[in-house]
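Residue numbers (the working numbering): 8 to 354. To start, the structure under review is shown below, and the notes come after it.
As C-alpha coordinates, this is what we get:
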(Lines of atoms letter the chains of each structure in order from A and count residues from 1; the text may use other names and numbers.)
(Lines give C-alpha, C1' and ligand atoms only; values in the text may rest on other atoms or scores of the structure.)
Protein backbone atom coordinates (compact mmCIF):
# COMPACT_ATOMS: atom_id res chain seq x y z
CA UNK A 1 0.00 0.00 0.00
CA UNK A 2 1.36 3.38 -1.04
CA UNK A 3 0.28 6.59 0.69
CA UNK A 4 -0.14 10.01 -0.86
CA UNK A 5 -1.30 13.47 0.19
CA UNK A 6 -4.12 15.26 -1.64
CA UNK A 7 -3.97 18.91 -0.66
CA UNK A 8 -5.16 22.38 -1.65
CA UNK A 9 -5.03 25.80 -0.15
CA UNK A 10 -8.54 26.25 1.29
CA UNK A 11 -9.72 29.62 2.55
CA UNK A 12 -12.90 30.04 4.56
CA UNK A 13 -12.66 33.73 5.37
CA UNK A 14 -10.26 36.62 4.91
CA UNK A 15 -8.49 36.14 8.25
CA UNK A 16 -5.87 33.80 6.75
CA UNK A 17 -3.78 35.19 3.87
CA UNK A 18 -3.09 33.34 0.63
CA UNK A 19 0.61 33.52 1.43
CA UNK A 20 0.04 31.77 4.76
CA UNK A 21 -2.03 29.08 3.06
CA UNK A 22 0.79 28.52 0.57
CA UNK A 23 3.28 28.09 3.41
CA UNK A 24 0.88 25.71 5.17
CA UNK A 25 0.50 23.57 2.04
CA UNK A 26 4.29 23.44 1.72
CA UNK A 27 4.68 22.35 5.35
CA UNK A 28 2.15 19.52 4.93
CA UNK A 29 3.93 18.36 1.78
CA UNK A 30 7.33 18.30 3.47
CA UNK A 31 5.80 16.33 6.35
CA UNK A 32 4.35 13.83 3.86
CA UNK A 33 7.71 13.37 2.16
CA UNK A 34 9.49 12.85 5.48
CA UNK A 35 6.75 10.39 6.41
CA UNK A 36 7.39 8.22 3.35
CA UNK A 37 4.42 9.27 1.23
CA UNK A 38 4.85 8.43 -2.44
CA UNK A 39 3.10 11.43 -4.02
CA UNK A 40 1.60 14.84 -3.34
CA UNK A 41 -1.51 15.57 -5.45
CA UNK A 42 -2.88 19.03 -6.25
CA UNK A 43 -5.96 19.55 -8.40
CA UNK A 44 -7.38 22.40 -10.46
CA UNK A 45 -10.21 24.75 -9.50
CA UNK A 46 -11.13 28.26 -10.52
CA UNK A 47 -12.56 31.33 -8.75
CA UNK A 48 -13.43 29.50 -5.53
CA UNK A 49 -11.66 30.33 -2.27
CA UNK A 50 -12.51 27.03 -0.60
CA UNK A 51 -10.40 25.08 -3.10
CA UNK A 52 -7.59 27.33 -4.37
CA UNK A 53 -5.65 26.01 -7.34
CA UNK A 54 -6.04 27.81 -10.68
CA UNK A 55 -3.22 25.57 -11.91
CA UNK A 56 -1.38 22.78 -10.11
CA UNK A 57 1.76 23.44 -12.16
CA UNK A 58 3.39 26.41 -10.34
CA UNK A 59 2.68 24.84 -6.95
CA UNK A 60 4.18 21.53 -8.03
CA UNK A 61 7.20 23.24 -9.64
CA UNK A 62 7.88 25.05 -6.36
CA UNK A 63 7.50 21.81 -4.41
CA UNK A 64 9.87 20.11 -6.84
CA UNK A 65 12.59 22.47 -5.67
CA UNK A 66 11.76 21.96 -1.98
CA UNK A 67 11.64 18.14 -2.08
CA UNK A 68 13.86 15.28 -3.19
CA UNK A 69 11.84 12.08 -3.50
CA UNK A 70 8.10 12.63 -3.35
CA UNK A 71 6.37 12.43 -6.71
CA UNK A 72 4.39 15.43 -7.96
CA UNK A 73 0.86 14.76 -9.12
CA UNK A 74 -1.46 17.07 -11.02
CA UNK A 75 -4.60 15.53 -9.63
CA UNK A 76 -6.37 16.59 -11.70
CA UNK A 77 -6.04 18.72 -14.83
CA UNK A 78 -9.56 19.56 -16.08
CA UNK A 79 -9.35 18.50 -19.72
CA UNK A 80 -12.02 20.85 -21.22
CA UNK A 81 -10.14 23.89 -19.88
CA UNK A 82 -6.87 22.98 -21.63
CA UNK A 83 -5.31 22.40 -25.04
CA UNK A 84 -3.41 19.10 -25.48
CA UNK A 85 -0.25 20.89 -26.64
CA UNK A 86 -0.23 22.96 -23.46
CA UNK A 87 -0.89 19.96 -21.21
CA UNK A 88 1.90 17.98 -22.89
CA UNK A 89 4.39 20.85 -22.68
CA UNK A 90 3.64 21.96 -19.12
CA UNK A 91 3.64 18.42 -17.76
CA UNK A 92 6.88 17.62 -19.56
CA UNK A 93 8.45 20.83 -18.22
CA UNK A 94 7.48 19.84 -14.67
CA UNK A 95 9.02 16.43 -15.33
CA UNK A 96 12.27 18.12 -16.37
CA UNK A 97 12.23 20.47 -13.35
CA UNK A 98 11.58 17.58 -10.94
CA UNK A 99 13.99 15.18 -12.68
CA UNK A 100 11.29 12.66 -13.57
CA UNK A 101 8.81 12.88 -10.68
CA UNK A 102 5.70 14.02 -12.60
CA UNK A 103 2.35 12.19 -12.37
CA UNK A 104 -0.40 13.39 -14.72
CA UNK A 105 -4.00 13.21 -13.54
CA UNK A 106 -6.82 14.12 -15.91
CA UNK A 107 -10.54 14.61 -15.32
CA UNK A 108 -13.58 15.77 -17.23
CA UNK A 109 -14.58 18.38 -14.61
CA UNK A 110 -17.65 18.60 -12.41
CA UNK A 111 -18.71 22.11 -11.37
CA UNK A 112 -21.03 23.81 -13.86
CA UNK A 113 -19.92 27.04 -12.18
CA UNK A 114 -16.44 26.52 -13.62
CA UNK A 115 -17.66 25.47 -17.07
CA UNK A 116 -19.76 28.65 -17.27
CA UNK A 117 -16.59 30.67 -16.76
CA UNK A 118 -13.85 28.53 -18.31
CA UNK A 119 -15.58 26.77 -21.21
CA UNK A 120 -18.16 29.25 -22.51
CA UNK A 121 -20.99 27.56 -20.65
CA UNK A 122 -20.37 24.06 -22.01
CA UNK A 123 -22.48 21.54 -20.05
CA UNK A 124 -20.23 19.91 -17.47
CA UNK A 125 -21.63 16.56 -18.59
CA UNK A 126 -19.90 17.05 -21.96
CA UNK A 127 -16.44 17.25 -20.40
CA UNK A 128 -15.76 13.59 -21.11
CA UNK A 129 -15.40 14.30 -24.83
CA UNK A 130 -12.37 16.49 -24.17
CA UNK A 131 -10.90 13.94 -21.76
CA UNK A 132 -11.17 11.10 -24.28
CA UNK A 133 -9.33 13.15 -26.93
CA UNK A 134 -6.79 14.60 -24.50
CA UNK A 135 -5.27 11.32 -23.31
CA UNK A 136 -4.01 9.91 -26.64
CA UNK A 137 -3.09 13.37 -27.98
CA UNK A 138 -0.80 14.18 -25.03
CA UNK A 139 0.98 10.84 -25.29
CA UNK A 140 1.57 11.26 -29.02
CA UNK A 141 2.89 14.79 -28.51
CA UNK A 142 5.36 13.45 -25.95
CA UNK A 143 6.65 11.00 -28.57
CA UNK A 144 7.22 13.58 -31.31
CA UNK A 145 5.50 15.31 -34.21
CA UNK A 146 1.76 14.78 -34.26
CA UNK A 147 -1.29 16.36 -35.90
CA UNK A 148 -4.81 15.87 -34.61
CA UNK A 149 -8.33 16.52 -35.83
CA UNK A 150 -11.08 15.50 -33.44
CA UNK A 151 -14.47 16.70 -32.34
CA UNK A 152 -13.08 18.94 -29.59
CA UNK A 153 -9.45 19.60 -30.55
CA UNK A 154 -7.83 20.30 -33.91
CA UNK A 155 -4.20 21.26 -34.49
CA UNK A 156 -1.61 20.87 -37.26
CA UNK A 157 1.67 19.02 -36.79
CA UNK A 158 3.17 19.90 -33.45
CA UNK A 159 5.15 18.31 -30.63
CA UNK A 160 5.75 18.65 -26.91
CA UNK A 161 8.62 20.97 -26.07
CA UNK A 162 10.28 19.97 -23.85
CA UNK A 163 9.94 16.19 -23.67
CA UNK A 164 9.50 14.28 -20.39
CA UNK A 165 12.68 12.89 -18.88
CA UNK A 166 11.32 9.84 -17.06
CA UNK A 167 11.57 6.53 -18.82
CA UNK A 168 8.36 5.37 -20.45
CA UNK A 169 6.65 8.78 -20.09
CA UNK A 170 4.94 10.13 -16.94
CA UNK A 171 2.21 7.88 -15.53
CA UNK A 172 -1.27 9.05 -16.48
CA UNK A 173 -4.26 8.83 -14.12
CA UNK A 174 -7.96 9.19 -14.83
CA UNK A 175 -10.53 10.28 -12.24
CA UNK A 176 -13.22 7.63 -12.76
CA UNK A 177 -16.67 6.96 -11.35
CA UNK A 178 -18.97 5.36 -13.94
CA UNK A 179 -18.20 2.08 -15.77
CA UNK A 180 -17.43 3.87 -19.05
CA UNK A 181 -14.70 6.03 -17.48
CA UNK A 182 -13.17 3.00 -15.76
CA UNK A 183 -13.19 1.13 -19.05
CA UNK A 184 -11.67 4.06 -20.95
CA UNK A 185 -8.88 4.43 -18.38
CA UNK A 186 -7.93 0.75 -18.33
CA UNK A 187 -8.20 0.35 -22.11
CA UNK A 188 -5.81 3.27 -22.55
CA UNK A 189 -3.32 2.03 -19.96
CA UNK A 190 -4.11 4.76 -17.43
CA UNK A 191 -4.11 4.38 -13.68
CA UNK A 192 -7.43 5.04 -11.95
CA UNK A 193 -8.21 7.40 -9.07
CA UNK A 194 -11.59 7.13 -7.34
CA UNK A 195 -13.27 8.93 -4.47
CA UNK A 196 -16.35 7.70 -2.61
CA UNK A 197 -16.98 11.30 -1.39
CA UNK A 198 -19.48 10.96 1.51
CA UNK A 199 -20.34 7.33 0.86
CA UNK A 200 -19.01 4.47 2.95
CA UNK A 201 -16.81 1.48 2.25
CA UNK A 202 -19.60 -0.18 0.28
CA UNK A 203 -18.95 2.55 -2.31
CA UNK A 204 -15.24 1.71 -2.28
CA UNK A 205 -16.20 -1.90 -3.00
CA UNK A 206 -18.53 -0.79 -5.81
CA UNK A 207 -15.84 1.38 -7.41
CA UNK A 208 -13.32 -1.44 -7.08
CA UNK A 209 -15.79 -3.78 -8.81
CA UNK A 210 -16.16 -1.29 -11.69
CA UNK A 211 -12.38 -1.20 -11.95
CA UNK A 212 -12.27 -5.02 -11.93
CA UNK A 213 -14.93 -5.17 -14.65
CA UNK A 214 -12.79 -2.85 -16.77
CA UNK A 215 -9.79 -5.14 -16.20
CA UNK A 216 -11.91 -8.12 -17.28
CA UNK A 217 -13.00 -6.23 -20.41
CA UNK A 218 -9.37 -5.55 -21.36
CA UNK A 219 -7.46 -8.75 -20.57
CA UNK A 220 -4.52 -7.87 -22.83
CA UNK A 221 -3.74 -4.60 -21.02
CA UNK A 222 -1.25 -4.68 -18.09
CA UNK A 223 -3.06 -3.99 -14.82
CA UNK A 224 -2.92 -0.28 -13.93
CA UNK A 225 -2.86 1.12 -10.39
CA UNK A 226 -5.97 1.92 -8.34
CA UNK A 227 -5.98 4.83 -5.90
CA UNK A 228 -8.70 5.64 -3.36
CA UNK A 229 -8.97 9.25 -2.20
CA UNK A 230 -10.69 9.86 1.15
CA UNK A 231 -11.20 12.77 3.52
CA UNK A 232 -9.04 11.67 6.46
CA UNK A 233 -8.95 12.82 10.07
CA UNK A 234 -7.02 10.87 12.70
CA UNK A 235 -7.48 11.50 16.41
CA UNK A 236 -5.83 10.09 19.51
CA UNK A 237 -7.53 7.30 21.50
CA UNK A 238 -7.00 9.61 24.49
CA UNK A 239 -9.56 11.96 22.89
CA UNK A 240 -12.61 9.72 22.42
CA UNK A 241 -14.69 12.63 21.09
CA UNK A 242 -11.92 13.75 18.74
CA UNK A 243 -13.81 12.31 15.78
CA UNK A 244 -16.48 15.00 16.15
CA UNK A 245 -13.97 17.72 15.19
CA UNK A 246 -13.34 15.97 11.88
CA UNK A 247 -16.98 15.09 11.25
CA UNK A 248 -18.22 18.64 11.84
CA UNK A 249 -15.50 20.05 9.59
CA UNK A 250 -16.23 17.61 6.78
CA UNK A 251 -19.94 18.41 7.08
CA UNK A 252 -19.05 22.07 6.52
CA UNK A 253 -16.86 21.12 3.56
CA UNK A 254 -19.65 19.17 1.84
CA UNK A 255 -22.31 21.76 2.58
CA UNK A 256 -20.01 24.22 0.82
CA UNK A 257 -19.48 21.72 -2.00
CA UNK A 258 -23.27 21.53 -2.31
CA UNK A 259 -23.55 25.30 -2.59
CA UNK A 260 -20.93 25.49 -5.35
CA UNK A 261 -22.18 22.42 -7.17
CA UNK A 262 -25.75 23.70 -7.12
CA UNK A 263 -24.55 26.83 -8.96
CA UNK A 264 -27.63 28.81 -7.88
CA UNK A 265 -25.99 31.68 -5.97
CA UNK A 266 -23.39 34.12 -7.25
CA UNK A 267 -20.28 34.00 -5.01
CA UNK A 268 -18.98 37.22 -3.45
CA UNK A 269 -15.28 37.70 -4.19
CA UNK A 270 -14.74 33.94 -4.39
CA UNK A 271 -16.63 33.07 -1.20
CA UNK A 272 -19.90 31.14 -0.97
CA UNK A 273 -21.59 30.30 2.31
CA UNK A 274 -22.18 26.61 3.01
CA UNK A 275 -25.70 25.36 2.38
CA UNK A 276 -27.57 25.56 5.73
CA UNK A 277 -27.56 22.58 8.06
CA UNK A 278 -31.37 22.64 7.96
CA UNK A 279 -31.26 21.59 4.29
CA UNK A 280 -29.70 18.26 5.32
CA UNK A 281 -31.57 17.69 8.58
CA UNK A 282 -33.29 14.63 7.10
CA UNK A 283 -30.32 13.44 5.03
CA UNK A 284 -28.65 10.43 6.74
CA UNK A 285 -25.27 11.05 5.04
CA UNK A 286 -24.94 14.34 6.96
CA UNK A 287 -25.49 12.86 10.41
CA UNK A 288 -22.18 13.21 12.25
CA UNK A 289 -22.04 9.51 13.13
CA UNK A 290 -22.48 8.63 9.46
CA UNK A 291 -19.80 11.08 8.38
CA UNK A 292 -17.55 9.40 10.93
CA UNK A 293 -18.33 6.00 9.44
CA UNK A 294 -18.35 6.97 5.78
CA UNK A 295 -15.22 9.11 5.59
CA UNK A 296 -11.84 8.09 7.01
CA UNK A 297 -12.22 9.34 10.58
CA UNK A 298 -10.97 7.47 13.60
CA UNK A 299 -8.13 6.47 15.89
CA UNK A 300 -4.97 5.06 14.28
CA UNK A 301 -6.13 1.53 15.09
CA UNK A 302 -9.51 2.11 13.42
CA UNK A 303 -7.90 3.71 10.36
CA UNK A 304 -5.39 0.85 9.98
CA UNK A 305 -8.18 -1.75 9.96
CA UNK A 306 -10.10 0.04 7.22
CA UNK A 307 -7.08 0.65 5.01
CA UNK A 308 -6.11 -3.01 5.38
CA UNK A 309 -9.57 -3.85 4.02
CA UNK A 310 -8.83 -1.59 1.03
CA UNK A 311 -5.54 -3.41 0.60
CA UNK A 312 -7.37 -6.75 0.54
CA UNK A 313 -9.68 -5.35 -2.15
CA UNK A 314 -6.66 -4.64 -4.34
CA UNK A 315 -6.28 -0.90 -3.77
CA UNK A 316 -2.68 0.15 -4.52
CA UNK A 317 -2.65 3.67 -3.09
CA UNK A 318 -4.51 5.42 -0.29
CA UNK A 319 -4.60 9.19 -0.64
CA UNK A 320 -4.94 11.22 2.55
CA UNK A 321 -7.30 14.04 1.49
CA UNK A 322 -6.72 16.83 3.97
CA UNK A 323 -9.21 19.38 2.54
CA UNK A 324 -11.79 19.47 5.31
CA UNK A 325 -12.27 23.10 6.49
CA UNK A 326 -10.15 22.57 9.63
CA UNK A 327 -7.42 25.03 10.67
CA UNK A 328 -3.85 24.17 9.70
CA UNK A 329 -2.89 23.19 13.25
CA UNK A 330 -5.60 20.50 13.30
CA UNK A 331 -4.61 19.20 9.86
CA UNK A 332 -0.98 19.01 10.94
CA UNK A 333 -1.89 17.16 14.15
CA UNK A 334 -3.94 14.60 12.18
CA UNK A 335 -1.25 14.06 9.53
CA UNK A 336 1.46 13.64 12.19
CA UNK A 337 -0.59 10.95 13.90
CA UNK A 338 -1.23 9.19 10.59
CA UNK A 339 2.49 9.19 9.74
CA UNK A 340 3.55 8.06 13.22
CA UNK A 341 0.89 5.42 13.91
CA UNK A 342 -0.75 4.31 10.65
CA UNK A 343 1.98 4.23 7.98
CA UNK A 344 4.31 1.86 9.92
CA UNK A 345 1.56 -0.79 9.94
CA UNK A 346 2.03 -1.12 6.18
CA UNK A 347 5.84 -1.13 5.99
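Every residue gets a Cβ at the ideal spot worked out from N, C-alpha and C, and that includes glycine. Everything numeric in this text was worked out from a predicted model, so none of it was measured.
Take residue 325 and list the residues in its own chain whose beta-carbon comes closer than 8 Å to its own, dropping the five residues that flank it on each side.
-> 8, 9, 10, 11, 234, 235, 237, 314 and 317, listed in sequence order.
Starting from the N-terminal side, write out each stretch of the beta strand (DSSP E) that is 3 residues or longer and does not extend beyond the region 103 to 148.
-> The region 103 to 148 contains these whole beta strand (DSSP E) runs: 109 to 114.
If residue 176 sits next to residue 146, beta carbons under 8 Å apart, how far is it from one beta carbon to the other, in whole angstroms?
-> Sure, about 7 Å apart at Cβ, within 8 Å.
Supposed close pair residue 240, residue 341 - CB separation, criterion 8 Å = Between residue 341 and residue 240 the Cβ distance is about 5 Å, and since that is below 8 Å, they are a contact.
Would you call the region 41 to 49 and the region 11 to 30 touching, i.e. three or more CB-CB distances under 8 Å?
-> Contact annotation: the region 41 to 49 touches the region 11 to 30, with at least three C-beta pairs closer than 8 Å.
Along the chain, where does the alpha helix (DSSP H) that runs through residue 33 open and close?
-> For residue 33, the enclosing alpha helix (DSSP H) covers residues 25 to 41.
Do residue 86 and residue 114 come within 9 Å of each other at the CB atom, strictly closer than that value?
-> Yes, the Cβ-Cβ distance between residue 114 and residue 86 is below 9 Å.
Please list the segments of the alpha helix (DSSP H) lying wholly inside the region 271 to 339, counting only runs of 4 or more residues, in order along the chain.
-> Every alpha helix (DSSP H) of 4 residues or more that sits fully in the region 271 to 339 is shown, in chain order, as 295 to 301 and 307 to 320.
Below 9 Å between beta carbons: does that hold for residue 182 and residue 160?
-> Residue 182 is not a Cβ neighbour of residue 160, given a cutoff of 9 Å.
By Cβ distance below 7 Å, which residues in the same chain neighbour residue 142 in space, the five residues on each side in sequence not counted?
-> Take residue 142, set aside five residues on each side of it, and the residues of its chain with a beta-carbon closer than 7 Å to its own are 113, 179, 195 and 197, in chain order.
When you compare each of 279, 290, 35 and 305 to residue 246 by their alpha carbons, which one comes out closest?
-> Ranking 279, 290, 35 and 305 by Cα distance to residue 246 puts 305 first.
Do the region 185 to 194 and the region 214 to 230 touch if we need at least three Cβ pairs shorter than 8 Å?
-> Touching, yes.
Give the range of the alpha helix (DSSP H) segment to which residue 189 is assigned.
-> Counted as a single uninterrupted DSSP element, the alpha helix (DSSP H) harbouring residue 189 occupies residues 186 to 194.
Return the Cβ separation of residue 165 and residue 92 in integer angstroms, given the expectation that the two are a contact with Cβ distance under 8 Å.
-> The pair is a contact, with the Cβ atoms about 5 Å apart (cut-off 8 Å).
Kindly give me the distance between the Cβ atoms of residue 329 and residue 35, rounded to whole angstroms, as I take these residues to be in contact under 8 Å.
-> Sure, about 6 Å apart at Cβ, within 8 Å.
Between the C-alpha atoms of residue 288 and residue 281, what's the straight-line distance to the nearest angstrom?
-> Here the alpha carbons of residue 281 and residue 288 stand approximately 14 Å from one another.
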